[in-house]
Structures are given as C-alpha cells and as structure tokens.
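Each number in this note's numbering comes from the position in the sequence shown (counting from 1) with 3 added on.
All C-beta atoms in this analysis are idealised placements derived from N, C-alpha and C, irrespective of residue type, glycine included.
From a predicted model like this one, the values you see are computed outputs, not experimental measurements.
Here the structure is laid out as structure tokens; the discussion comes afterwards.
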Amino acid sequence: MEAVFDRRRSGGAAARCTMISSPPTRIPVVSRAPEYWAGRRYPGPGRESDMGWSDWQRVEGDGLAFEEIVYEKKFHSELEGGMARVTIDKPKKYNIMTVATVEEMFRAFYDANHDTSIGAIVVAGSGRNFGAGGDVEWEKWGLREAFYNRYPHNRLIRLSRKPVIAAVQGYCLGGHNHMAYCCDFTLAAEDAKFGQAGPKVSSPADGFFVPYLTKVVGAKRAREMWMLCRRYTAQQALEMGLVNEVVPLDGLEAAVDRWGEELLAVSPGCLEILKASFDQEMDGYSEMGVISSQFYPDWFDMPEGKEGGASFSEKRTPRFWSLREREREMREELKKRYEDDSGT
Numbered sequence: 004m005e006a007v008f009d010r011r012r013s014g015g016a017a018a019r020c021t022m023i024s025s026p027p028t029r030i031p032v033v034s035r036a037p038e039y040w041a042g043r044r045y046p047g048p049g050r051e052s053d054m055g056w057s058d059w060q061r062v063e064g065d066g067l068a069f070e071e072i073v074y075e076k077k078f079h080s081e082l083e084g085g086m087a088r089v090t091i092d093k094p095k096k097y098n099i100m101t102v103a104t105v106e107e108m109f110r111a112f113y114d115a116n117h118d119t120s121i122g123a124i125v126v127a128g129s130g131r132n133f134g135a136g137g138d139v140e141w142e143k144w145g146l147r148e149a150f151y152n153r154y155p156h157n158r159l160i161r162l163s164r165k166p167v168i169a170a171v172q173g174y175c176l177g178g179h180n181h182m183a184y185c186c187d188f189t190l191a192a193e194d195a196k197f198g199q200a201g202p203k204v205s206s207p208a209d210g211f212f213v214p215y216l217t218k219v220v221g222a223k224r225a226r227e228m229w230m231l232c233r234r235y236t237a238q239q240a241l242e243m244g245l246v247n248e249v250v251p252l253d254g255l256e257a258a259v260d261r262w263g264e265e266l267l268a269v270s271p272g273c274l275e276i277l278k279a280s281f282d283q284e285m286d287g288y289s290e291m292g293v294i295s296s297q298f299y300p301d302w303f304d305m306p307e308g309k310e311g312g313a314s315f316s317e318k319r320t321p322r323f324w325s326l327r328e329r330e331r332e333m334r335e336e337l338k339k340r341y342e343d344d345s346g347t
C-alpha cells in the first residue's frame, strides 16, 4: 500500500509525496471537523474568555499513538480555524531524529493535511532546543539511506497542502536546520543558533534540500553554511534571510499565534495554490539522485566515514587527513606489489 499526500495543482497537474515503504496498517484519515471540537475548543482548558485561541490539545485516534513526537491542535474562536503542532519530544537527546521519528511525523502530517479545519502546521522541538539533526549512532549502522529515502522529512513539508511554520529555539543544527529552512516560514527565538554539521562528523548530505538553500540565502552563503559548518545567531540568520522574524524566547509562542492568525484570515484554497506554485520549482530538485551513494556507496563502512561518528562519540577532533595519508600509503604499497608481481 502506498500512503501519499495528494496535492492538486493549477492546470490539473498533481504532486505526491509517496512513502517508499508500506506502513503495517492503513493510516486512517482522522479529520477533526469543527463540530468535533464544539464542546472543548472554546474557550479551552484554563481560558477565561471564549475569544481567541484555545489551548493546545493532544490529538488521539487510530494511527495517532506516538512515542517520539507530540501531536496537538488548537483552534481560534473568531477565525473558526486551527493549527496543528508536531513537536519532536526527545529533549534530553537534543531532539535528534531517527527513522522512527520521521515515520511518526509523517502520520501526524497526514492527519493535519486531511483535517479541513486546520489552516497551518507548526513544527517545534521540545525543551530548550529545536534540535541537533540526525542520530550519529544510527548513521553508523547504515540507516541513513532509509532516513532520507523512505522517510524524507523535508518532502513532508514541501508537499504539505497546509503552510508549515518552524518555531525555533536554542540549537537548530544539521537535519533540523534544513528542515527549518524548508518550512514556508521560520520564526526564531533570540537564543536560536543555526548551522550544518555534516562534514564535521563525516555525514554527507545531498538531495534537494542542499541546493534549495541557495534560493533561501544565496549561493555563497549556502556553500559557507554547508561546507564550513559555521554557527549563526538568530540575528545573523534574519539578516541572511534564513528566518522571517526574531522574537524574545518568551514571545515565541505568541509569534506563532500571530502568524497563524494571519494565515487563517485569508483563503485556505488560495494559500494551497500559492504554496504549490512556490514549491513547484523544487520539484526538479526532488528528482536528484543520492549523490553520496554514487561517489561512495559504502561510505559509512569506509575509514573516513567511521571516523566522523567515532570522533563525535569520543568527543575528540577527527583525524580525517591522517586517514587520507594512510590511504595514499596503502595505494603505493598495492602499486609496488603489482609491479613486483608483474615484473615491471
């Protein structure tokens, strides 16, 4: 069985986000229509007024039991629409992502995209940080291909029918950084720090989200961020165009509400068409092959691939160039043996 997002574009074209693997059971469409929330969304727990936003409430239902994320919705009494929020909930591990994390995100996105009362989706991280990317340990186990090919979290955002807002606080690194800049809007707390870390831990990156950054911050800045692994403050990110707005940490929730209200105040159908139009340019990027598998099909079994994860786990500086020197010496030894055996 294929589970897909089906987004109708203008002109009759269609785009789909297809998950390569088949879930063990069919994921039902759990559409929480306004009448479902009639007795609880206005005013919501702890509210004194029946105007404005209700509190966030966890969503329950078939296929919506999660261990690594928190999935919630809330609704606006005047605008009569709502937002869904997907929060990666592993604060003690900097909200690092695994295949299981993104599979749960897929199910939450699937539900939110099919809920006619939801106008926007918020992506967040639990605790002090938005997140620090993928789990280096499972990358060493060879699960990276499954992470990017079977459960591509950035494609969930790109092909979502609803606008997606990233609410960023603390560290926003690696996979979380490119997830944030692939969102339609990115709001950052003043303590946010952005950057890529792949080359530092010997984790190669490819796919549409690498060249897409050139559209966000320009070619030079994109190469700087990806190749040099520099860190950027929230203010620097704002000046680069990486984020839309910077607010105090205690004002991040209010900023999300404000942007959500603006989105709910306009035609959801028009937003769907506009989002598809903006994202259409990336459709070609999504067809890009996995370049790393072409260059180094067994990367994480190679010394350089192993060194990145090992140095990270051991909290030491990686020794990439000594490995390259050893590789050169081994090639010279093999060349000499060949020459001796052939008598040349």
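The C-beta distance from A183 to A169 rounds to 4 Å, short enough to meet the 8 Å contact threshold. In this structure G130 touches P94 by the C-beta definition: roughly 3 Å separates them, less than 8 Å. Nearest in C-alpha terms to D209, of all of G177, V219, A237, is G177. Between G254 and H179 the beta-carbon gap is near 21 Å, outside 8 Å, which marks them as no contact. At the C-beta level, C186 and V213 stay beyond 8 Å of one another. In the DSSP assignment, A191 forms a beta bridge with V171, V249. Of the candidates E83, E81, R319, R319 places its Cα closest to the Cα of K203. Cα atoms of N157 and A313: separation of roughly 27 Å, rounded to the nearest angstrom. Counting every other CB atom within 10 Å of its CB across the protein chains shown gives D65 a total below 16, marking it as exposed. Annotation: the continuous beta strand (DSSP E) that includes R88 extends over 84-91. Within the model, the alpha-carbon separation for V171 versus E336 is close to 51 Å. Annotation: D282 to K338 spans about 51 Å, alpha carbon to alpha carbon.
For I99, no alpha helix (DSSP H) segment is defined, and its DSSP state is neither H nor E. By the beta-carbon neighbour count (other beta carbons within 10 angstroms, threshold 16), G221 is exposed.
Selection M243, W324, A191 evaluated against V126 yields A191 as nearest (Cα-Cα). Here the C-alpha atom of N98 lies approximately 28 Å from the C-alpha atom of K278. In this structure L159 does not touch F188 by the C-beta definition: roughly 16 Å separates them, more than the 8 Å allowed.
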